[in-house]
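Scroll down for the structure; my scribbles are underneath it.
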Amino acid sequence: MSAATVLPEPVDDHVRDLCANAVDPLEIAAGLEFGGLTDEGAARHGHSDVFAYAEALYRSVPRKPAEPSQETPVPWSGHPGRHAVRGILFGLPGLCYVTAAQAVTGPTAVLVVSLLLAWAYGQGAAYLAYVAIGHGDRDAGLAVARRALRVGLAVLAPVIVAVGMFTSASPAGIALALGQAAYLLAAGVILVADGELVLLAVLIPGCAVSAVHLVTGWPAPWAVWAAGALSVAEAVVLAEIVSRSPARPTGLRRLPGAVPPALFGALCGGLLAVSAPAQNGALVMVPLSLSMGAAEWAVFRFRRGGHLLLGRTATARRFGRAVRLELLGALGRYLAVLLVLTALAWLAVRPGAGETLRLAANLALGGAVLVALILQSCGISRPVLALFATALAAGLLTPGTPQIQLLAHVALLCALTGLAWPAVARTSLHI
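By numbering that gives the first Met the number 0, the letter at position 56 of the sequence shown is numbered 55, and the numbering carries on one by one without gaps.
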């Protein structure tokens, strides 16, 4: 065992507590970085970088770890079954959408606008609710979600109607756009309240009737629309019920923080809309939607693995190598799930060459979304948004060109992975 290092200056109480409870120098380095210490700051203490300073602290400050609390929650805990249910919930509305869209004639721009507005608004509202819940105030988070639902319905409904009238959409198209937005907003509130099973029950009427109609052509279209409308109405009513809270909604001061998730939701919706062809649009969208549950689980598993690696690796190099393997593992497992879902969709429809290329493009898009979610969970948003905006611009400039979409999505995945490769090795992101 090497001799203890004698530091040239006293150590403050905060750093001493950090060192006393650390299992290795890497954990100390992570704590110092999290506290804002840079390599330049470490140089002022007489060390070449943060890791050298952490090594010196580890050798000089005696270990006095506190007794672990049995009630301390495990960071990034989750259950794969719950995420699987959420994946089903992402994809099931596609059944209702496909059958209802058969009655839509004329321009369909209002459907795209509805999707983008609802995804963007819903992502921002969910962020505000989850921030409050993350601070230990579940009642306040539910109150935020409930108020956001009411405001969203009141604001988005007239906007969608106006867009529909301006674009000469059919009444059926406007009605479907309104139902789409109302369901997405209500479903977001129910999921914030951990109501996965509630939402699954909400979808039963519309999905059951839609599935029967797709297979047999029965019942009549009006019955399919009635079942879908019932599911949407149930979602809105139950969202109000499950989000009841005695707390008053707070979090307006956190509104700027909701902008990145809202933009990300809009960009993802835009890429999906550009990728989906007029015919067999659900073929492209449903596998990716169903895979989002697997994506959520992959993010949780990666973050949990990164946190555990802090106590299992003794050097920054070993940690970086191990956490990058975790990243590749998360990406590989998710893409395997998406590949199976995509293959099933292809076998069910046997599409032409153009739709097959779009399916391949969405494999790359799904991988890009996963890596983006991982980066955003680590607090890295701006470069992610810039890359997604670039990919969306490429798609808009070359509409209906699946070859370009495939190249753009593969380039997006490669760029995000290149961004994540050095970023995830920062120990401060995994505390």
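Just so it is clear, CB atoms sit at the ideal spot from N, CA and C, and this is done for glycine as well.
Note that the structure is a prediction, hence the values are computed from the model and not measured.
Taking all protein chains in view, the Cβ of Ser47 is surrounded by fewer than 16 other Cβ atoms within 10 Å, so the residue is classified as exposed. CA-to-CA, the gap between Arg85 and Lys63 works out to about 43 Å. In the three-state reduction of the DSSP assignment, Val423 falls in the coil class, being assigned neither a helical nor a strand state. Counting only residues of its own chain and dropping the five nearest sequence neighbours on each side, Ala246 has a CB closer than 6 Å to the CB of Asp138, Ala139, Ala142. Burial of Pro286 is indicated by the presence of at least 16 other C-beta atoms within 10 angstroms of its C-beta.
Annotation for Cys377: no alpha helix (DSSP H) segment contains it, and DSSP assigns it neither H nor E. In the DSSP assignment, Thr215 falls within the alpha helix (DSSP H) that extends over 195-215. Setting aside the 5 residues that flank it on each side, Thr397 is surrounded in the same chain by Ile403, each with a C-beta closer than 7 Å to its C-beta; the list follows chain order.
Boundaries cannot be given for Ala168, as no alpha helix (DSSP H) includes it and DSSP labels it neither H nor E. With distances taken between CA atoms, Leu308 lies nearest to Asp23 out of Asp23, Arg15, Met291, Ala41. For the pair Leu358 and Arg81, the Cα-to-Cα distance works out to about 26 Å. Under the three-state reduction of DSSP, Trp75 is assigned to coil, being neither helix nor strand.
As the crow flies, the alpha-carbon of Arg311 is around 12 Å from that of Ala21. Put simply, the stretch 400-418 touches the stretch 354-368. At least three CB pairs are less than 8 Å apart. Here the C-alpha atom of Ile379 lies approximately 13 Å from the C-alpha atom of Val258. Within the stretch 32-120, the complete alpha helix (DSSP H) runs of at least 4 residues fall at 38-43, 49-59, 79-90, 92-100. Straight across, the Cα-Cα distance linking Val223 with Ala180 is about 18 Å.
Counting along the chain, the unbroken alpha helix (DSSP H) around Gly305 starts and ends at 291-308.
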